[in-house]
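Residue numbers for the sequence shown follow the UniProt record's numbering, so the first one is 1 and each next one is one higher.
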Amino acid sequence: MAPYRRKGAVNAAELLSRRSRGIREAGTLSRHNMRVLRGIILQDSREFIKAWSKTSKSTIKYQDGKIYLQNFQNCYSCVYSEPQLLYKLPKRSKLEKFEDALLCQSSLESTLASPSDHKPSLLALTADNWLCRLSAETGEELQRVYLSSKHKFRYLGWDVTQEIFYVKSVQNKESSLARQINKKIFGNGVTDVDLSLGVLVVSYSNKSVKLYSFEHIVQKYLTEKLMLGKQSSLLGGKTVGETPFGIPVNIQITDCPPVLFEVSCAHNSFQIGGYPWHYIYTPPHKSHEGTHHICSLKESTLAINGIQNMDCCSLVSDAIFFHPDDSGRIFHVGPATINVLKIKGELNSGLPSKVVKDFSMATLRNNNPSQVTVTSSGRTVKKRFHQLDDDPDLETFHMVEYEDELDLLAVVVTNGEEGEGRAHIRLHDNQSGQLLRTVDLEEPWDETYRHELFFDKDTIVHIEQKNTNFCCHVYKLKAARK
């Protein structure tokens, strides 16, 4: 018998009943649940209400439903009606303080030594070069690995598509990474190195960026495969990951690997995405300042309509980036307009790709501002004047967040017409750009401060940095006040 399907709207009680009986395709159930939650969020009978605020002298971080304060020492869970303290770690010395941290979770298809290893963990890098793995729920230390006595590591990063993470050191005269990124091999002027999409990205002081295959580097230059907790000949038979030996350098690059791709760009900044593959960059010439060029990665040719220019006059420059929903679309965010672009093109067609507008979002503002003055004779005179596009008195876009499970866009808009900066969040449909509802933020929005916003199902988190202080505001979805 075929599973029951209904094309119309399904209420929450019916879905819960079907879940208790069991249905095929667990992903279908999850999508149904998210559609129900999306419908609830967009109802007039529900609203986001501020449930919690917290200030701190140190950086506040939010990730996957958890808020971290006091340099990751205190962890709060946001699954409740207001955040609750999950754990509080003992105070750490200056040498043991956390320099950086990542939240991680193993894929279920991987076979690990213990079932508990599949649970979320916090990877923390300490100032004295230890990499610690803590339980994300209790803060209990599950594992620790000593990295090196020769290199000072300070940063953690993800290469999500390859399901690996990396530690990154402070640059010095000899090497900048444990992978022995040697300037004598990669050339002079190396300023930074990153790992993304299985590609080693090397930036240079002359504004050029070169890409190398990390897989090729490992296959050709790996001297010995290492296992944590096992002995290594590179350490004279000592154990990998134990103090004072740490993890030895096991990749010795003797000649420059083949360059996959090279581009010169302003601020060493370029992005790869879309389908077919394209890249976005700004040429490092003054005449191209303020423009963004979208080019085919395979042919290095500019797409038709590939030069995007918001043509705005603002203190903060516009932003452009690939949409995180894997649709291949592009966000171009300016102070008064947000354009969602898509790339039209076929692989191996021989024809240039084309950039077209999918949809746009715009602020509500007066396009003809004027000042009204009264002369001594009582005559009214209107005087035109020019404002910056991101003037605090004008309604202005600031950032866009994508909620992947609800397929909604959260757009932060500010307006300072009443003398004090205020912000609200516009929720738009990700596919059409249609405005579905707005959420007002209670706290003032000072545009001179640094802001972060997170939209996570029934939770909105706003983190602001006020000079040397940090403040976190949490909004939860609740029944509307009568």
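Glycine included, every Cβ here is placed at the ideal spot set by N, Cα and C.
- Short of 6 angstroms from the beta carbon of Pro244, and not among the five residues preceding or following it, lie these beta carbons of its own chain, in chain order: Ser149.
- In the DSSP assignment, Ile217 falls within the unbroken alpha helix (DSSP H) covering Phe214 to Tyr221.
- Rounded to the nearest whole angstrom, the C-alpha separation of Asp194 and Ala479 is 46 angstroms.
- DSSP lists Ala479 as the beta-bridge partner residues of Arg46.
- In the DSSP assignment, Gly157 forms a beta bridge with Tyr166.
- Contact annotation: the stretch 244–257 touches the stretch 213–223, with at least three C-beta pairs closer than 8 angstroms.
- Taken in chain order, the whole alpha helix (DSSP H) runs of length 4 or more contained in the stretch 192–257 are 214–221.
- Counting every other CB atom within 10 Å of its CB across the protein chains shown gives Met310 a total of 16 or more, marking it as buried.
- Three or more pairs of CB atoms, one per stretch, sit closer than 8 angstroms, so the stretch 143–161 contacts the stretch 114–127.
- For the pair of segments examined, the stretch 321–328 was found not to touch the stretch 286–305: the number of CB pairs separated by less than 8 angstroms stays below three.
- The residues Phe48, Lys50 and Ile460, in chain order, have a CB closer than 6 angstroms to that of Tyr475 in the same chain once the five nearest residues on each side in sequence are set aside.
- Between Lys457 and Leu37, the gap from beta carbon to beta carbon is short of 8 angstroms.
- As a beta-bridge residue in DSSP terms, Trp52 pairs with Val474.
- Listed as beta-bridge partners of Leu406 by DSSP are no residues whatsoever.
- When the Cα atoms are used, Val209 and Val400 turn out to be separated by approximately 27 angstroms.
- Judged by DSSP in its simplified three-state form, Ile41 adopts helix.
- Look at Arg31 here: in three-state DSSP terms it is helix.
- Counting other Cβ atoms within 10 Å of its Cβ, Trp277 stays below 16 and is therefore classed as exposed.
- Counting of Cβ neighbours within 10 angstroms places Ile185 among the exposed residues, the total staying below 16.
- Cβ contact annotation for Lys94 (same chain, cutoff 8 angstroms, sequence separation greater than five): Ala127, in chain order.
- In the DSSP assignment, Gly273 forms a beta bridge with His278.
- Per DSSP, the unbroken beta strand (DSSP E) holding Met361 starts and ends at Lys354 to Ala362.
- In the DSSP assignment, Val79 falls outside any beta strand (DSSP E), carrying neither H nor E.
- Spatial neighbours of Asn206 in its own chain (CB-CB distance under 7 angstroms, excluding positions within 5 residues in sequence) are listed in chain order as Gly189.
- For Tyr68, the enclosing beta strand (DSSP E) covers residues Lys66 to Leu69.
- The C-beta of Glu215 has fewer than 16 other C-beta atoms within 10 Å across all chains shown, which makes the residue exposed.
- In the three-state reduction of the DSSP assignment, Ala127 falls in the coil class, being assigned neither a helical nor a strand state.
- Between the alpha carbons of Glu447 and Gly246 lies a gap of roughly 45 angstroms.
- Apart from sequence neighbours up to five positions away, the residues of its chain that approach Ser81 with a beta-carbon distance below 8 angstroms are Ala51, Lys476 and Lys478, ordered along the chain.
- For Leu102, the uninterrupted beta strand (DSSP E) run begins and ends at Phe98 to Cys104, by DSSP.
- In the three-state scheme derived from DSSP, where H, G and I count as helix and E and B as strand, Ile338 is classed as strand.
- When Phe359, Thr337, Cys312 and Gly350 are compared, the shortest CA-CA separation from Ser300 is found for Gly350.
- With contacts defined by Cβ atoms closer than 8 angstroms, Lys230 and Val218 do not form a contacting pair.
- Checking the DSSP bridge columns, you'll see Phe397 partnered with Val413.
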